[in-house]
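Trainee: In this text, residue positions in the sequence shown follow full-length UniProt numbering: the first is 1, and each later residue adds one.
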Amino acid sequence: MQVDLNDPLVKASVSIDDGRDWKDWLVWDAKKNYRRSMGIYEPEPARPQVAQVKIEPKKKNRKPGRRAVQQPPEGM
1 MQVDLNDPLV KASVSIDDGR DWKDWLVWDA KKNYRRSMGI YEPEPARPQV
51 AQVKIEPKKK NRKPGRRAVQ QPPEGM
């Protein structure tokens, strides 16, 4: 059985780590406006695979228990 990883229900229930090193690419992307304004062309850096791909279920935050609302005395 194959699952489409781009399906909204899948993205809402699992966390997908592609195992790539994005550090150099993120720095390159942060400087895109500078390069554009200065007329500099710099190819994007590689994003090497450094770990296995991981697909883990997202942890759901538990909602605290609800307290019963106290009823005011009937004489009021």
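C-beta: ideal position from N, C-alpha, C; glycine also.
What does a CB cutoff of less than 6 Å around aspartate 4 pick up in its chain, not counting 5 residues either side in sequence?
Mentor: Taken in chain order, the list of residues that qualify is empty.
Trainee: Anyone know if the C-beta pair for aspartate 17 and valine 50 falls short of 7 Å?
Mentor: Not a contact, by the Cβ cut-off of 7 Å.
Trainee: Look up arginine 20 in the DSSP assignment and say whether it is helix, strand or coil.
Mentor: The answer is strand: DSSP assigns arginine 20 an E or B state.
Trainee: What's the gap between the Cα of proline 72 and the Cα of proline 57?
Mentor: The alpha-carbon atoms of proline 72 and proline 57 are separated by roughly 44 Å.
Trainee: So lysine 54 packs on glycine 19, CB below 8 Å; how close in whole Å?
Mentor: Yes, they are in contact, since the Cβ atoms of lysine 54 and glycine 19 sit about 7 Å apart, within 8 Å.
Trainee: In the DSSP assignment, find the alpha helix (DSSP H) that holds proline 8 and state where it starts and stops.
Mentor: Residues 8 to 13.
Trainee: Thinking C-alpha only, which one of Trp28, Lys59 and Lys32 is nearest residue 83?
Mentor: It is not possible to answer for residue 83, since the shown part of the chain is limited to 1 through 76.
Trainee: Whose C-beta lies closer than 6 Å to the C-beta of proline 48 among residues of the same chain, with five residues either side of it excluded?
Mentor: Answer for proline 48: Asp21, listed in chain order.
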